[in-house]
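Note sheet for the following structure.
Protein chains: 4
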Amino acid sequence: MNSSAYQWPDGKKAAAIVSIDFDGPSPYLWATRERPTTALGELELRRFGPRQGVHRLLELFASFDLRISAYVPGAVADAHPDVLAAMLEAGHEVAIHGYMHEKVSELNTEELRAVLEKSARALEKVGAERPFGYRSPSWELTAEALGVLAEFGIAYDSSLMGYDHPYVMSGIVEVPVQWQLDDAIFYRYVPGSNWPPVTPGEVISGWKTDLEGAKRFGSLFMLTMHPWLSGRAGRTLALASLFDEYRSDDSIWWTTAREVAEYHRLTYGDMHDEQPRIGEI
Amino acid sequence: MNSSAYQWPDGKKAAAIVSIDFDGPSPYLWATRERPTTALGELELRRFGPRQGVHRLLELFASFDLRISAYVPGAVADAHPDVLAAMLEAGHEVAIHGYMHEKVSELNTEELRAVLEKSARALEKVGAERPFGYRSPSWELTAEALGVLAEFGIAYDSSLMGYDHPYVMSGIVEVPVQWQLDDAIFYRYVPGSNWPPVTPGEVISGWKTDLEGAKRFGSLFMLTMHPWLSGRAGRTLALASLFDEYRSDDSIWWTTAREVAEYHRLTYGDMHDEQPRIGEI
Amino acid sequence: MNSSAYQWPDGKKAAAIVSIDFDGPSPYLWATRERPTTALGELELRRFGPRQGVHRLLELFASFDLRISAYVPGAVADAHPDVLAAMLEAGHEVAIHGYMHEKVSELNTEELRAVLEKSARALEKVGAERPFGYRSPSWELTAEALGVLAEFGIAYDSSLMGYDHPYVMSGIVEVPVQWQLDDAIFYRYVPGSNWPPVTPGEVISGWKTDLEGAKRFGSLFMLTMHPWLSGRAGRTLALASLFDEYRSDDSIWWTTAREVAEYHRLTYGDMHDEQPRIGEI
Amino acid sequence: MNSSAYQWPDGKKAAAIVSIDFDGPSPYLWATRERPTTALGELELRRFGPRQGVHRLLELFASFDLRISAYVPGAVADAHPDVLAAMLEAGHEVAIHGYMHEKVSELNTEELRAVLEKSARALEKVGAERPFGYRSPSWELTAEALGVLAEFGIAYDSSLMGYDHPYVMSGIVEVPVQWQLDDAIFYRYVPGSNWPPVTPGEVISGWKTDLEGAKRFGSLFMLTMHPWLSGRAGRTLALASLFDEYRSDDSIWWTTAREVAEYHRLTYGDMHDEQPRIGEI
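Order-wise, the sequence lines are chains G, L, S and F. For the first sequence, numbering that gives the first Met the number 0 gives the first residue as 0, with consecutive numbering after it. For the second sequence, numbering that gives the first Met the number 0 gives the first residue as 0, with consecutive numbering after it. For the third sequence, numbering that gives the first Met the number 0 gives the first residue as 0, with consecutive numbering after it. For the fourth sequence, numbering that gives the first Met the number 0 gives the first residue as 0, with consecutive numbering after it.
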């Protein structure tokens with residue numbers, strides 16, 4: 000498969016998926032589970048997501064008639080059933096992202112199975128239906144976890160970066176992410192951070208270059224937003240400028256990860272099934 | 000409360016507060032209190048604030064007829080009574096920011112009480128009056144500290160980021176800050192720093208995007224300056240360009256944190272009182 | 000030799016070399032050889048290089064009729080003989096870059112010799128011919144390694160930065176690199192990274208300034224791309240804009256490292272032979 | 000002294016000094032003196048300074064008829080007498096910067112005295128004359144070191160940042176530096192660095208803002224270049240654009256640190272003599 004050979008449906012030049020990792024404070028709660036803190040700063044900072052950020056983003060998506068893919072830890076679904084109901088009502092995809100944003104590499108097989116089941120039940124409780132798509136917390140997987148995910152029957156995975164178009168990994172359709180299309184690595188500033196946030200204008204400028212690149216090379220533009228970060232007023236406004244420019248571009252297939260996974264399975268089947276080959280070149 | 004439902008007075012689209020954390024060298028002195036250093040570099044760097052930076056900023060604010068909110072460690076007020084008197088004379092708000100910029104999480108309840116009382120007395124000595132607003136050093140609070148602050152009778156707190164409009168936390172009105180509107184995370188370079196300072200043009204460009212966002216989403220634009228950083232010539236000049244563009248924008252309520260807190264208490268009362276819920280989702 | 004005295008052939012003002020360090024996952028496999036990991040994220044991220052990135056870049060170079068210098072670890076050549084064959088077919092230079100991207104400073108003399116021999120055989124197997132050029136993994140050399148390289152008979156080295164035109168170091172022609180012309184220090188984001196990737200527009204803007212500088216001061220513009228980084232769609236597109244602007248600039252000698260090394264040896268001989276002088280000013 | 004009260008001669012609005020810290024590899028040699036390394040990479044990288052960078056910068060200064068202040072470790076003067084002779088011939092100021100870039104805080108009083116004497120003798124050997132100006136390696140001083148410097152009879156110090164115009168510290172005239180006008184914090188990338196270099200366009204844009212600020216607020220624009228960093232082709236070219244725009248601006252006093260120190264001593268005497276007041280607010 001050469002660099003620009005992927006065929007999108009209806010002659011589209013590229014596919015674009017807008018996704019959110021709707022974490023609320025779950026990554027912080029998971030990270031501090033063994034060394035409890037009484038500090039409020041970072042907790043409140045992250046709670047901005049479910050309180051305001053997610054509404055602002057959902058309203059923005061609605062105004063552009065965009066259906067997105069939302070990866071939601073079960074604990075967040077349990078805590079915000081109204082937000083989840085609104086997402087489903089609006090036609091968005093809701094998919095698994097752990098229960099408390101547990102890092103896959105820190106779970107054994109049994110624990111991962113239990114987390115998946117608990118996460119799925121939480122999503123079902125708010126009205127979503129199996130089979131669910133999956134995105135791993137912190138975008139990390141292991142060869143073992145792939146086996147558990149296959150056995151659990153996920154619809155697809157969206158955590159890896161081995162291609163910039165859909166592919167198959169150990170029999171599972173992969174709808175790949177890309178670091179430079181993740182808002183968090185540019186915007187996340189918390190006490191002790193290693194860098195200051197990049198300005199929205201500069202971030203969006205980079206994303207526009209990537210979207211132009213996707214059109215040129217036929218790739219998948221998978222954007223990932225975190226409501227506690229991109230839901231800040233200036234960033235949401237800047238994001239709107241991206242949609243202003245590209246939402247009505249007919250050469251782009253604006254869609255969801257689930258639909259891309261289905262398209263890939265139907266069109267390409269198991270062609271190019273990659274294996275983990277841990278430790279190999 | 001949805002993402003853009005906050006109502007500002009007189010049909011204003013957004014509120015904008017300019018604040019300074021007038022620390023002088025107090026954070027450095029606090030941080031090195033147990034491992035004294037004979038180094039002069041960082042001390043002189045930070046002393047630029049009370050010597051020049053604060054005057055430059057105050058003159059800038061005066062030229063734009065802006066009243067600001069100044070958070071001043073008691074030790075700085077004791078050392079620079081003339082600067083504090085000039086601030087009060089100009090109609091600026093002066094509020095508590097610790098005595099020696101003590102981190103709240105490193106104080107027990109008794110120590111925090113003592114620090115608050117000592118800080119308040121220092122501010123009273125230069126002519127300010129109770130009840131005082133409060134901003135925690137390093138913008139960090141704990142559930143316990145909220146109790147002490149309430150008992151002490153602060154007028155409001157301005158340290159957290161759970162919404163981008165005023166809210167209530169444990170009965171205290173919160174006038175929230177935002178990391179990306181803090182000059183320090185972009186401009187602070189000291190030996191051993193993890194990143195180079197961002198250029199003034201880029202920083203101001205980000206802030207203008209945020210102010211446009213505040214107008215679009217009805218939020219609070221809370222800008223925070225540190226005189227030893229934003230008082231540098233090029234940065235002050237760049238800041239002036241923000242005021243040039245927006246100071247006379249009639250859709251923005253340029254005001255102080257105290258006035259925003261009073262407005263919120265009067266208009267919204269205890270609606271949406273959030274609790275710390277430490278360790279919960 | 001003063002700052003702008005280097006003479007390029009045919010009255011050219013500057014020389015420009017496009018090079019790739021075609022590492023695939025070898026640096027990661029080398030770094031984790033003693034603490035094996037089951038994590039897939041970074042492995043897949045780096046495998047994007049041989050799967051897609053390298054093809055995208057090679058097609059770009061072809062479209063601009065550019066012959067480049069490719070530094071290829073032997074293990075990557077062994078794993079991707081078809082890619083290597085295509086490179087040679089297109090007239091690109093293929094040169095040594097370790098077998099598994101082994102850091103020279105972590106090898107003793109015997110080990111370095113063995114690695115060089117194994118690397119050379121891997122390149123010969125895909126059709127390349129001795130003597131090979133050399134670029135050290137991570138651009139690090141030692142005085143001892145220089146002796147081994149000379150004894151092994153490399154055609155030139157391209158790992159150091161002591162001048163921005165060719166020079167001689169311990170009898171070996173050095174075709175120097177430059178940090179700010181390496182894509183990795185701007186684009187490489189992996190979990191745990193210390194900074195977010197710089198946007199392609201900003202990176203290319205810097206490189207254009209450098210190329211203008213090379214024309215002004217007669218220096219060598221040695222660009223280095225990593226397929227897993229610069230092969231991402233937006234970055235490849237941005238790189239194209241550099242070639243659009245400068246590929247047909249007659250004042251620039253677009254060439255390969257091998258040709259620059261040959262030119263230097265013929266024209267300057269051993270003039271200005273530098274010695275390591277470890278520990279000396 | 001308020002924020003814009005400093006009076007420059009002849010009605011100038013601001014003063015601008017171009018300085019270089021001509022370190023060569025001395026900081027690296029000092030830092031590794033107790034853990035010798037055989038690595039060549041960083042050594043060669045820094046040697047670019049005396050080999051090419053310094054010539055390129057000196058030619059640039061000559062083309063703009065600029066006399067600068069050069070701070071030169073004695074070991075560098077000993078190793079490059081021809082460069083030093085050329086500097087003096089061109090009318091530049093040559094001043095003390097340690098012998099091997101020794102950090103003042105790591106020397107006791109006796110050692111500092113010895114270093115100063117050795118440094119001065121090295122500068123005299125190439126033709127410079129006492130009394131010398133002084134800039135501390137890494138821009139760090141101690142209260143004790145100030146005493147040694149005064150006793151040694153330096154003409155002025157240029158290491159601190161307590162004002163952005165000249166002042167007096169412990170009886171010594173201070174010609175202050177500013178971090179954001181130091182090229183190193185933007186351009187220095189060595190293996191293990193915490194951030195990628197900022198592009199020349201962005202750095203120069205920041206400096207232009209600072210120079211405009213200096214004109215507005217009457218301050219001293221003290222630019223510091225390191226030849227191994229700013230001597231790279233693109234950066235030198237970008238620096239030229241700053242001089243293109245401002246060198247013939249009549250409102251700016253382009254001068255040397257020594258002349259600014261003399262002006263300050265004559266005009267302001269010991270007014271505003273600051274004391275170290277270590278550990279005090």
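Cβ atoms here follow ideal geometry from the backbone N, Cα and C, with glycine treated the same way.
Under a three-way DSSP split, which group does residue i fall into?
i              : result
S118 (chain F) : helix
I251 (chain S) : strand
A224 (chain F) : Per the sequence shown, the amino acid found at residue 224 (chain F) is Met instead of Ala. Three-state DSSP puts M224 (chain F) in a strand.
A85 (chain F)  : helix
A38 (chain F)  : strand
M0 (chain F)   : Confidence at M0 (chain F) is low in this model, with a pLDDT of 40, below 50, so the placement of that residue should be treated as unreliable; the coordinate-derived value is given next. Note: M0 (chain F) maps to coil in three-state DSSP.
I287 (chain L) : A query on residue 287 (chain L) cannot be resolved here, the shown segment of chain L reaching from 0 to 280 and no further.
A14 (chain S)  : strand
G132 (chain F) : strand
E244 (chain S) : helix
S68 (chain G)  : strand
I153 (chain F) : coil
Under 7 Å between beta-carbons, which chain S residues line up against residue i? List them in chain order, please.
i              : result
V197 (chain G) : P195
I319 (chain G) : The requested residue 319 (chain G) does not occur in the structure, where chain G is confined to residues 0 to 280.
Beta-carbon separation of residue i and residue j under 7 Å?
i              : j              : result
H164 (chain G) : Y5 (chain G)   : yes
Q179 (chain F) : P196 (chain L) : yes
T235 (chain L) : L87 (chain L)  : no
A330 (chain S) : V125 (chain S) : Missing from the structure shown is residue 330 (chain S); chain S here goes from 0 to 280 and no further.
S157 (chain G) : M99 (chain G)  : no
E150 (chain F) : V103 (chain F) : no
F63 (chain L)  : R246 (chain L) : yes
K11 (chain L)  : W227 (chain L) : no
A78 (chain L)  : G212 (chain F) : no
L111 (chain L) : A144 (chain L) : yes
E41 (chain F)  : Y27 (chain F)  : yes
Mind checking residue i: buried by the 16 CB within 10 Å criterion, or exposed?
i              : result
R129 (chain L) : exposed
S192 (chain F) : exposed
S250 (chain G) : exposed
V189 (chain L) : exposed
D20 (chain L)  : buried
F216 (chain L) : buried
P8 (chain G)   : exposed
W29 (chain F)  : buried
D243 (chain L) : exposed
G265 (chain G) : The residue you asked about is not Gly; residue 265 (chain G) is Leu in the sequence shown. Classification of L265 (chain G): exposed, given that the 10 Å Cβ count is below 16.
Quick one: which chain G residues come within Cβ less than 8 Å of residue i?
i              : result
Y188 (chain S) : W178, Q179, I184
Counting only Cβ pairs nearer than 8 Å, list the residues of chain S close to residue i.
i              : result
S204 (chain G) : T198, G200
R231 (chain F) : D163, Q177, Q179, D209, G212
Using the beta-carbon of each residue, which ones in chain S are nearer than 9 Å to residue i?
i              : result
P275 (chain G) : T37, L39, L42, E43
Report the neighbours of residue i on chain F: residues whose CB is nearer than 8 Å to its CB, in chain order.
i              : result
T141 (chain S) : T37, A38, L39
What residues of chain G sit near residue i, judged by a beta carbon separation below 7 Å?
i              : result
W138 (chain L) : G40
F131 (chain L) : Near F131 (chain L) there are no residues of chain G at all, since even the closest Cβ is about 20 Å away, more than 7 Å.
So which residues on chain L does residue i lean against when the C-beta distance must stay under 7 Å?
i              : result
S218 (chain F) : A232
Just to make sure I have the definition right: I need the residues of chain L whose C-beta is within less than 8 Å of the C-beta of residue i. Which are they?
i              : result
R134 (chain F) : By Cβ distance, chain L contributes nothing, its closest Cβ being about 12 Å from R134 (chain F), past 8 Å.
What residues from the segment 235-254 of chain G come within 8 Å of chain L, judged by C-beta to C-beta, listed N to C?
T235, L236, A237
Taking beta-carbon pairs under 7 Å, can you tell me which members of the segment 43-62 of chain L lie near chain F?
E43, L44, R46, F47, R50, Q51, H54, R55, E58
Given a limit of 7 Å on CB to CB distance, which residues of the segment 14-41 of chain F reach chain S?
G23, P24, S25, L28, P35, T37, A38, L39, G40
Residues of the segment 70-93 of chain G with Cβ closer than 7 Å to any Cβ of chain L, in chain order
A74, V75, A78
Can you list, in chain order, the residues of the segment 150-176 of chain F whose Cβ is nearer than 9 Å to any Cβ on chain L?
S158, L159, M160, G161, Y162, D163, H164, Y166, M168, E173, P175
Relative to chain S, which residues along the segment 96-123 of chain G have a C-beta separation below 8 Å, given in chain order?
S104
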